[in-house]
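The numbering of the sequence shown is our numbering, which starts it at 112 and goes up by one. Ideal Cβ positions, reconstructed from N, Cα and C, are used throughout, including at glycine. As the structure is a prediction and not an experimental result, all values here were calculated from the model.
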Amino acid sequence: MSAQLEFVVVVASVREPRIGRTVADWVVAQVPGGVRTRVVDLAEVELPPDADLRPGGGARTPVSDVLAAADGFVIVTPEYNHAYPASLKRFLDWHHGEWMFKPATVVPYGVRGGLLAGEHLRPVLAELSMVTTRRMVALSAPWEHLSEGRYRPPAGEHKAIGQALRELTWWAHALRRARHDHPYELVDWLGAQRADTDAEALADLVGHAAIVGLGTGTRAGRETFAVVARTTWSLVERGFRVIAILDNPRVVELYDRYVRGEDVDVVAALRQAWGPWRTEEMREALDSLRRRNAEHPGDPVRVVGVGGSKVLPADYDRVLELVAPPEVAKIRELFEVIRTAHDNGEHVQRAHGTHPGVPFVELAREARAIAGPAGAEASGLLDAIVEHHANAIGVGHDGEREEREAAERVLAQRPARVVLWEGSAHIAADAMMGGHLRAELGKAYAAVHVTFGHGRAHGVDVPPPVPGSLEDVLGAAGGARTVPLGDGVPAALDAPWRTRLISGLYDPARDGEHYLEVRSLSGAYDAVVFVPEISSVSALATT
112 MSAQLEFVVV VASVREPRIG RTVADWVVAQ VPGGVRTRVV DLAEVELPPD ADLRPGGGAR
172 TPVSDVLAAA DGFVIVTPEY NHAYPASLKR FLDWHHGEWM FKPATVVPYG VRGGLLAGEH
232 LRPVLAELSM VTTRRMVALS APWEHLSEGR YRPPAGEHKA IGQALRELTW WAHALRRARH
292 DHPYELVDWL GAQRADTDAE ALADLVGHAA IVGLGTGTRA GRETFAVVAR TTWSLVERGF
352 RVIAILDNPR VVELYDRYVR GEDVDVVAAL RQAWGPWRTE EMREALDSLR RRNAEHPGDP
412 VRVVGVGGSK VLPADYDRVL ELVAPPEVAK IRELFEVIRT AHDNGEHVQR AHGTHPGVPF
472 VELAREARAI AGPAGAEASG LLDAIVEHHA NAIGVGHDGE REEREAAERV LAQRPARVVL
532 WEGSAHIAAD AMMGGHLRAE LGKAYAAVHV TFGHGRAHGV DVPPPVPGSL EDVLGAAGGA
592 RTVPLGDGVP AALDAPWRTR LISGLYDPAR DGEHYLEVRS LSGAYDAVVF VPEISSVSAL
652 ATT
């Protein structure tokens, strides 16, 4: 979007002799510097026959592109018989979208200032979705103030036109930004979609797939997690029998045993999970699955972990049990530092300034060296801990390999139908894990992005979204929304979009930096669910 505004000055009179073009030249000379100005003289514009005119405008005219490019208009018009001329009405009627959501200033003239021409124009321009400035610069008998072919206004009119053009400029900036950030046709279309987050409706949109990725813009939102959980239960009713979670397969195996009715301490299991999954909401979801499976003992819903790490927080404690003094004290000191990565990754700690500075893999290797020739179990656990930290983000992390292998673990669950729980970036069908699933399954993989407007997450207040982002436009559509992104969506959705993603790195003071840009919204997701406001999930109870 160009920084420079463009105004079009319309000369309404077409009869001879006339003064309109002379007045328009005076107006152009008063336009603020930095604004590009073009004159459209209706005496020079040939419109098609009125028989071809249809509601909402007609065929393109020689000046359609000029009007479409304009950010604001100045209409210089005479008053004829207490109204404006027919030439101007024809011109307005022959165009439609070119006028919409743009401002106009009217400069009428006549024996008594042409005010009735201006006032008759206001309702017509309003019907064309235009904003007229409050100020009109009414020129009384301007033909009496000509000198050497130029209009020489009486005292006060220079000031009046300056004020009117400043007001026009303000509206032009404001409405151009609004047209860019909230395209009316798109907001109108979004507003016509389902005004709720109904799980059954969403399951109807994606339930045809073999694998459905339910991604959230933040894992820390109670309401976004609730959309995922409710939709999963609806998909279970449609035959889905596996829930895949990007977490340690060993801890998720405990969930699976629990939901199938085994005597497992699920709270203890959740304490071994990756930090974002250690919530009361996750525990409640597992409880719901356990109850469901108890009612259908021959047709259980399984839970699988598709993450790559094989290390649990409990493994550090087990090593300390197996290593003999005095090495155990030295190793415990190192473990107290590096095991925090299971709560918040090293990259998160670096961002928050809490990282000790030494890469955790070096501390893990130091612990391995101190342990020396430990027994087979301790050595195996220590080697796994070293490998875990060697693959940390910002160290030796291979994101492409990790996403590909996670996708392969999801695909390995076939022929069972799978619901994948993850962040929206991971499940997007054009990248990361979701990209591999789409490449393998085509439209048999469906991706859903569950996002939100504002609220509280990760213990901080999340402000309203940045202008022009997906969340900003969804908010402008009004309230909760479920948006299908299949055939027939507006072309604007098959284009790059910024959408908010909040992780442990989130800093509300730099909210504008926490957005993912997808190349095409409809290419990345099959549906979007918008929750206007979220609250924080509840941390897993310690007792």
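Check	Outcome
Which whole-angstrom value describes the C-beta separation of A482 and V422, a residue pair presumed to lie in contact below a C-beta threshold of 8 Å?	Between V422 and A482 the Cβ distance is about 15 Å, and since that is not below 8 Å, they are no contact.
I need the DSSP call for H560, collapsed to helix, strand or coil.	strand
Hey, how far is the Cα of W385 from the Cα of Q524?	22 Å
Using the beta-carbon count (16 or more within 10 Å), is W388 buried or exposed?	buried
So, does the stretch 630–646 touch the stretch 559–573, judging by three or more C-beta pairs under 8 Å?	yes
With which residues is L627 paired in a DSSP beta bridge?	T610
Beta carbon of G169, beta carbon of W205: below 7 Å?	yes
Report the option in L552, L226, I504 and D161 whose CA atom is closest to the CA atom of P526.	L552
Can you check whether the CB of A588 is closer than 7 Å to the CB of V146?	no
Tell me P214's beta-bridge partners as DSSP assigns them.	V242
If the criterion is Cβ atoms closer than 7 Å, does the pair T308 and T593 meet it?	yes
Using CA coordinates, which residue listed in E457, E498, H458 and E488 is at the minimum distance from E477?	E498
Output yes or no for whether 7 Å exceeds the beta carbon distance between V185 and V151.	no
Which partner residues of A650 appear in the DSSP bridge assignment?	T390
Out of V430, T329 and A154, point me to the one whose CA is closest to A487's CA.	V430
Any idea what DSSP makes of Y191, helix, strand or coil?	strand
Could you tell me whether the stretch 212–231 touches the stretch 274–290, where touching means 3 or more Cβ pairs closer than 8 Å?	yes
Just to confirm the assignment, what range does the beta strand (DSSP E) spanning W344 have?	It is not in any beta strand (DSSP E) - W344 instead sits in the alpha helix (DSSP H) that spans R333 to E348.
H319: which of P437, A555, G372 and A271 sits nearest, CA to CA?	A555
For G144, which of E127, A114 and P219 has the nearest alpha-carbon?	A114
What's the gap between the Cα of A135 and the Cα of G221?	14 Å
Buried or exposed: H193, going by 16 or more other Cβ atoms within 10 Å of its Cβ?	exposed
Assess, as a yes-or-no matter, whether the stretch 623–630 is touched by the stretch 334–350 under the definition of 3 or more beta carbon pairs within less than 8 Å.	no
Roughly how many whole angstroms lie between the Cα atoms of D454 and D358?	13 Å
Taking contact to mean 3 or more Cβ pairs, one atom from each stretch, closer than 8 Å, check whether the stretch 598–606 and the stretch 290–306 are in contact.	yes
Just verifying my parser: in three-state terms, what is the DSSP assignment at V147?	Rather than Val, the amino acid found at residue 147 in this sequence is Arg. Of the three classes helix, strand and coil, the one that applies to R147 here is strand, per DSSP.
Tell me P219's beta-bridge partners as DSSP assigns them.	T188
With DSSP as the reference, identify every bridge partner of D572, one or two as the case may be.	R567
Nearest-angstrom Cα distance between G324 and G545?	7 Å
Is Y295 helix, strand or coil by DSSP?	helix
Below 7 Å between beta carbons: does that hold for E457 and A503?	yes
Quick one: what's got a C-beta closer than 6 Å to H547's C-beta in the same chain, skipping five residues either side?	R515 and A518
How many whole angstroms separate the CB atoms of G228 and T188, which I take to be in contact at a CB cut-off of 8 Å?	Per the sequence shown, residue 228 should be read as Ala rather than Gly. With a Cβ gap of about 5 Å, A228 and T188 count as contacting.
When we look at the beta-carbon of S258 and count the other beta-carbons within 10 Å, is it buried (16 or more) or exposed?	exposed
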